[in-house]
Amino acid sequence: MKKIKPQYLFMLFMLVAIVQLLVPAQMILGQETILDTGAAYKFRTQPIDPSDPFRGKYITLRYEMNAGISKDSLWERNEDAYVYLKKDSLGFAELMKVSKTPLDIENDYVIVKTRWYDQNKKTIHFNLPFDRFYMEESKAKPAEDAYREAQRDSLPNNTYGLVYIKEGDAVLKDVLINEIPIADYVEQ
Amino acid sequence: MNSKLIRELPELVENGVISKDVAIKIESYYKSKNSDNPNRLFTVFGVLGSILIGLGIILILAHNWDVFPKTVKTLLAFIPLLIGQTLVGFSMLKKKSRTWKEASGTFLFFAVGASMAMVSQIYNIPGNFSSYMLTWVLLCAPLIYLLKSNGLALLHMVFATIYACEYGYSYGDNVPWVYLLLILTLMPYYVGLIQKRSKENITSIFNWLLPLSLVVVLGAFIVRFDELIFLSYIILFGLFYNLGKMPKFDNLKLRQNGYLVLGSMGTVVLLLITSFKWVWRDVYGIVGTDMRDVSLVAVLFTAAVFALVYLFMKNRVEKTNLFHFIFMIMSALFFIGLTNAVIPTIISNVLLFALGVNAIKIGVDKMHFGVLNYGLTIVAALIFCRFVDTNMGFAIKGLLFVVVGMGFFVTNYVMFKKQRNKEEKL
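Protein chains in written order, with our numbering: chain A, 161 to 348; chain B, 459 to 884.
Take a look at the structure:
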């Protein structure tokens, strides 16, 4: 191999270093844009607590919105689907339509991964992508318990994820129980 | 070992075995050879230290500190990254020692991971584990070449393997093609090591890690057609064995030649499995094919054949050594197995027995106890497997075990005697 001059090597390294900085910066920028200009939806959910070896404790959110009617029966596992949304009077998200391809309508949408198709009920089951909420490690398990406590009252499910959506991308900003952020709720 | 030799030098001089001049020459030769040794040890500890500190930072950040506002968290995401980059830049600009480069590079590797993990936490980015690993490995890949760092090359291989397992073995029909690309990016570095530093420990580590990684990941490439998995593994092990016999590797010690050892042992283990009838019943039951899986096996087969042809051209094939050809015989058997389950079962048993005897013969010829006992173990394992699925009286089974056990003693004893006779004659 030909010897490359040290100064060129260093310039190459600078390039790599810039890319290494740009990737997380780009991630941040993308998320901030959605939080600034996207529309806010509330998704009713149920939290469960697992952990990731590098990124720490989080709660997995099991959303109530997990299936939609579709006449198309040729769905495959793990394929992309477009879920179109509308808001009810309280700001909660409601499913409008599930489609294999983008539709020419104004409504916000999220891209989800399909799970399975129920032939009898003609519904396609899916997972909403924003199902991870990172929490301080001491709080993830209590959060799961707090949710269960909060469910004991006779009111309907009062735990929801606050999600900002813009052009198919979504950022989960917070999870709230009885309108209180879950991290604060756990401390009470 | 060397210091032992040096300690004996005065005695040798005293008894007139060597002259004083020669003793001084020997001593200075080993001293000059060892001069970079403490340095190497220092490098190893430097890298280990960096790995621990890097992982520590990742774990500390993974606590997901609630007390810090978002801006502080964002800053925290970039601080380790900037520190790592400064250290690497400094060691490059100032042309620092190997230790500096290895340690700072390793630290930067983990800093990149920590920074992305932190951003994922702040914004609850759902991105699955495998895509996170992939971005991480790709962002650090150029550093291997810029720093010529062994530590980074090892981390690259290990993390690429973890990525492929996460991606390929999780649910869904995912094939980790990018893994091949990641391994390919490492190839120029590895080939350089083989050519320039083939006898060094670091090259031996790669000689083991690369085939191990391929063994672990191969199964993820076959998604629809499970029965092809064992065929593809037999071919892979055949490829390894023949690679291990290549001039560059065959001169190495056995413990440095992961290809040969894994190839040989893998072949034996798979043959043991295929010596059971149920495997072939599964093959017999195959209906339909999947073109992608079949073509993958075909590519693997072609590679193994190429390796064998190359060995032939270099006159390095021992014609009596069955291990070279097993993958071809088994591939043919697989096709026979599609129409008949009995013949392949019998042939697999015969092959395994022949391999065992073959290894025993090689062991005896080369006076190598390791290979001799390897052959004996193969035969013993074959007999043991047949016990499981054959209806035989306990008395006969017991008797057979005793005979095999005696076989171990007798052959080792005979060879031991032979070796002693030879030494006495000298």
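Glycine residues also receive a C-beta, built at the ideal position from the N, C-alpha and C atoms.
Go through its chain and collect everything with a Cβ distance to residue i's Cβ below 6 Å, but skip five positions before and after it.
| i | result |
| --- | --- |
| residue 549 of chain B | 558, 559 and 562 |
| residue 262 of chain A | 242 |
| residue 820 of chain B | 829 |
| residue 542 of chain B | 565, 566 and 569 |
| residue 736 of chain B | none |
| residue 552 of chain B | none |
| residue 331 of chain A | 191, 194, 195 and 324 |
| residue 716 of chain B | 665, 666 and 669 |
| residue 252 of chain A | 202 |
| residue 732 of chain B | 806 |
Using the beta-carbon of each residue, which ones in chain A are nearer than 7 Å to residue i?
| i | result |
| --- | --- |
| residue 614 of chain B | Under the 7 Å cutoff, chain A gives no residues; its nearest Cβ is about 14 Å from residue 614 of chain B. |
Ignore the nearest five residues each way along the sequence and tell me which others in residue i's own chain have a CB closer than 7 Å to its CB.
| i | result |
| --- | --- |
| residue 671 of chain B | 615 and 619 |
| residue 700 of chain B | 762, 765, 766, 769 and 782 |
| residue 817 of chain B | 829, 832, 833 and 836 |
| residue 645 of chain B | none |
| residue 246 of chain A | 254, 256 and 267 |
| residue 282 of chain A | 229, 230 and 231 |
| residue 599 of chain B | 614 and 643 |
| residue 610 of chain B | 563, 564, 567, 598, 601 and 602 |
| residue 462 of chain B | none |
| residue 789 of chain B | 689, 693 and 759 |
| residue 739 of chain B | 799 |
| residue 795 of chain B | 738, 741, 742 and 802 |
| residue 661 of chain B | 651, 652 and 655 |
| residue 516 of chain B | 568, 571, 572 and 575 |
With distances taken from CA atoms, which of the options is nearest residue i?
| i | options | result |
| --- | --- | --- |
| residue 743 of chain B | B:507, B:793 and B:824 | B:793 |
| residue 650 of chain B | B:624, B:603, B:565 and B:540 | B:603 |
| residue 608 of chain B | B:598, B:647 and B:589 | B:647 |
| residue 806 of chain B | B:826, B:822, B:840 and B:816 | B:840 |
| residue 206 of chain A | A:188, A:285 and A:303 | A:303 |
| residue 328 of chain A | A:288, A:281, A:320 and A:235 | A:288 |
| residue 326 of chain A | A:220, A:167, A:195 and A:226 | A:195 |
| residue 803 of chain B | B:869, B:810 and B:734 | B:734 |
| residue 199 of chain A | A:333, A:282 and A:280 | A:333 |
| residue 238 of chain A | B:540, B:631 and B:510 | B:631 |
| residue 728 of chain B | B:654, B:687 and B:592 | B:687 |
| residue 285 of chain A | A:292, A:293, A:291 and A:276 | A:276 |
| residue 499 of chain B | B:485, B:659, B:675 and B:477 | B:659 |
| residue 624 of chain B | B:654, B:652 and B:588 | B:588 |
| residue 530 of chain B | B:722, B:489 and B:577 | B:577 |
| residue 628 of chain B | B:705, B:586 and B:595 | B:586 |
Tell me which same chain residues have a C-beta within less than 8 Å of the C-beta of residue i, skipping the five on either side of it?
| i | result |
| --- | --- |
| residue 211 of chain A | 217, 218, 297 and 300 |
| residue 868 of chain B | none |
| residue 675 of chain B | 619, 622, 623, 626, 634 and 637 |
| residue 344 of chain A | none |
| residue 582 of chain B | none |
Under 8 Å between beta-carbons, which chain B residues line up against residue i? List them in chain order, please.
| i | result |
| --- | --- |
| residue 177 of chain A | 543, 546 and 547 |
| residue 291 of chain A | 584 |
| residue 325 of chain A | The premise fails here: residue 325 of chain A is roughly 14 Å from chain B at the closest Cβ pair, so nothing lies under 8 Å. |
| residue 183 of chain A | 574, 593 and 597 |
| residue 348 of chain A | None at all; the shortest Cβ gap to chain B is about 14 Å. |
Give the residues of chain B in contact with residue i, contact being defined as C-beta atoms less than 7 Å apart.
| i | result |
| --- | --- |
| residue 294 of chain A | 522, 579 and 582 |
| residue 225 of chain A | The contacting residues do not exist; residue 225 of chain A stays about 15 Å from chain B at best. |
| residue 332 of chain A | 582 |
| residue 297 of chain A | 521 and 522 |
Which chain A residues sit within Cβ distance under 9 Å of residue i?
| i | result |
| --- | --- |
| residue 550 of chain B | 166, 169, 170 and 173 |
| residue 553 of chain B | 166 |
| residue 604 of chain B | 169, 170, 172, 173 and 176 |
What residues from chain A crowd round residue i, counting only those whose CB sits closer than 8 Å?
| i | result |
| --- | --- |
| residue 483 of chain B | Residues of chain A passing the Cβ test: none, with the nearest at roughly 34 Å. |
| residue 539 of chain B | 180, 181 and 184 |
Thinking residue i and residue j are a contact (beta carbons under 8 Å), I'd like their distance in whole angstroms, please.
| i | j | result |
| --- | --- | --- |
| residue 827 of chain B | residue 870 of chain B | 7 Å |
| residue 584 of chain B | residue 292 of chain A | 5 Å |
| residue 612 of chain B | residue 652 of chain B | About 15 Å; that fails the 8 Å criterion. |
| residue 873 of chain B | residue 822 of chain B | 6 Å |
Going along chain B, which residues have a C-beta under 9 Å from residue i?
| i | result |
| --- | --- |
| residue 188 of chain A | 532, 535, 577, 580 and 581 |
| residue 253 of chain A | Per Cβ cutoff of 9 Å: no residues; residue 253 of chain A is ~17 Å from chain B at best. |
| residue 310 of chain A | Within chain B, no residue comes near residue 310 of chain A; the closest Cβ sits about 20 Å away, beyond 9 Å. |
Report whether the distance from the Cβ of residue i to the nearest heavy atom of the ligand ZN is below 7 Å.
| i | result |
| --- | --- |
| residue 329 of chain A | Because no ligand of any kind appears in the structure shown, any question about the ligand ZN cannot be addressed here. |
(request) Check distances from the C-beta atoms of the stretch 570-581 of chain B to those of chain A and list, in chain order, the residues that come in under 7 Å. (result) The stretch 570-581 of chain B vs chain A, Cβ under 7 Å: 570, 571, 573, 574, 575, 577, 578, 579 and 581.
(request) Return the residues of the stretch 209-222 of chain A that lie within a Cβ-Cβ distance of less than 9 Å from chain B, sorted by chain order. (result) So the list reads 211, 212, 213, 214, 215, 216, 217 and 218, given in the order they occur along the chain.
(request) Using a Cβ-Cβ cut-off of less than 7 Å, list which residues of the stretch 799-820 of chain B approach chain A; keep chain order. (result) Sequence-ordered contacts of the stretch 799-820 of chain B with chain A are nonexistent [C-beta pairs closer than 7 Å].
(request) Select from the stretch 499-530 of chain B all residues with a C-beta closer than 7 Å to any C-beta belonging to chain A, and list them in chain order. (result) Per Cβ criterion, the list reads 516, 520, 521, 522, 523 and 524.
(request) Taking a Cβ distance cut-off of 7 Å, strictly less, list which residues of the stretch 585-600 of chain B are near chain A, in chain order. (result) Cβ contacts with chain A come from 587, 593, 597 and 600.
(request) Please list the residues of the stretch 681-706 of chain B that have a C-beta atom closer than 8 Å to any C-beta atom in chain A, keeping them in chain order. (result) Taking 8 Å as the Cβ-Cβ cut-off against chain A, none of the residues of the stretch 681-706 of chain B qualify.
(request) May I ask you to list, following chain order, the residues of the stretch 190-204 of chain A that have a beta carbon less than 7 Å from some beta carbon of chain B? (result) Answer in chain order: 191.
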